[in-house]
Amino acid sequence: MVQETSNEDIIFDAEQLTNSSNSNLVSFNYEETPITEIVNMIILDAIKNNASDIHFDPSGDGLRIRIRIDGTLYEYSYVPLYVQKNMITRIKIIAGMNITESRVPQDGAIKNNLENTNVDLRVSSLPTNLGEKIVIRILDYSMSSAGIEQLDFNK
1 MVQETSNEDI IFDAEQLTNS SNSNLVSFNY EETPITEIVN MIILDAIKNN
51 ASDIHFDPSG DGLRIRIRID GTLYEYSYVP LYVQKNMITR IKIIAGMNIT
101 ESRVPQDGAI KNNLENTNVD LRVSSLPTNL GEKIVIRILD YSMSSAGIEQ
151 LDFNK
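According to our numbering, the sequence shown holds residues 1 to 155 in order.
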């Protein structure tokens, strides 16, 4: 279940989202909350939940957002069609991608510093018949800081 305590603090519980029913999805107020804040909330929520990927998949009537946690892809939210283009554009802007090009695959990157943890985000855009598909790969370097000794390798 998701508990919304404020616009900046969304708590996502992956255990509650084992099925894809719409009642468990995170919802946003698209009329009052700027797209920039919504995209930031999605990314921060994924990082806080140790997600490895965020998928933005276009469908016929909107954008399906899914988050991969421990190898399982969970339904996270659904974005209406009238917001889809703005959300994709915002992601491409912060990733340094060309927002005018939607017919060829693109790659970008976002550097993020969350609570003194270095996190890199790799962004890939792929054209589909229904719009652009975006995948954000979350690379949290604090999770992989094991040294050679801890990996049982010899120097």
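From the three backbone atoms N, C-alpha and C, an ideal C-beta is built for every residue, glycine too.
Just so you know, these numbers come straight off a predicted model, no measurement behind them.
Which of helix, strand or coil DSSP assigns to residue i
i    : result
L25  : coil
V104 : coil
N98  : coil
E37  : helix
N157 : Nothing can be reported for residue 157, as the shown portion of the chain is limited to 1 through 155.
Y30  : coil
N118 : strand
N86  : helix
D53  : strand
D45  : helix
Cβ-based neighbour list, residue i, same chain, cut-off 6 Å, excluding 5 preceding and 5 following
i    : result
V83  : Y30
I94  : I110
I225 : Coverage of the chain is limited to positions 1 through 155, which leaves residue 225 absent and any answer about it impossible.
Residue i versus the options, residue with shortest Cα-Cα distance
i    : options                   : result
L139 : P127, V123, Q106 and G131 : V123
I35  : V79, T72, R66 and G108    : V79
L81  : R64, I91 and Y74          : R64
L25  : M97, I54, E75 and D53     : E75
L126 : I69, G60, A51 and E101    : E101
I91  : D107, S77 and R103        : D107
P105 : N86, I134, S59 and R68    : I134
T33  : N86, V119 and I67         : N86
D73  : F28, Y141 and N49         : Correcting the residue identity first, residue 73 is Leu in this sequence and not Asp. The candidate whose alpha carbon is nearest that of L73 is N49.
Residues of its chain near residue i, where Cβ-Cβ distance is below 7 Å and the 5 sequence neighbours each way are ignored
i   : result
T89 : I99
S21 : Its pLDDT being 46, under 50, S21 is placed unreliably by the model, and the measurement read from it follows with that caveat. Here the set comprises nothing.
Residue i vs residue j beta-carbon contact at 8 Å
i   : j    : result
I69 : A51  : yes
I47 : V119 : yes
S77 : S27  : yes
*Does the stretch 40-47 touch the stretch 124-131, meaning 3 or more C-beta pairs lie closer than 8 Å?*
no
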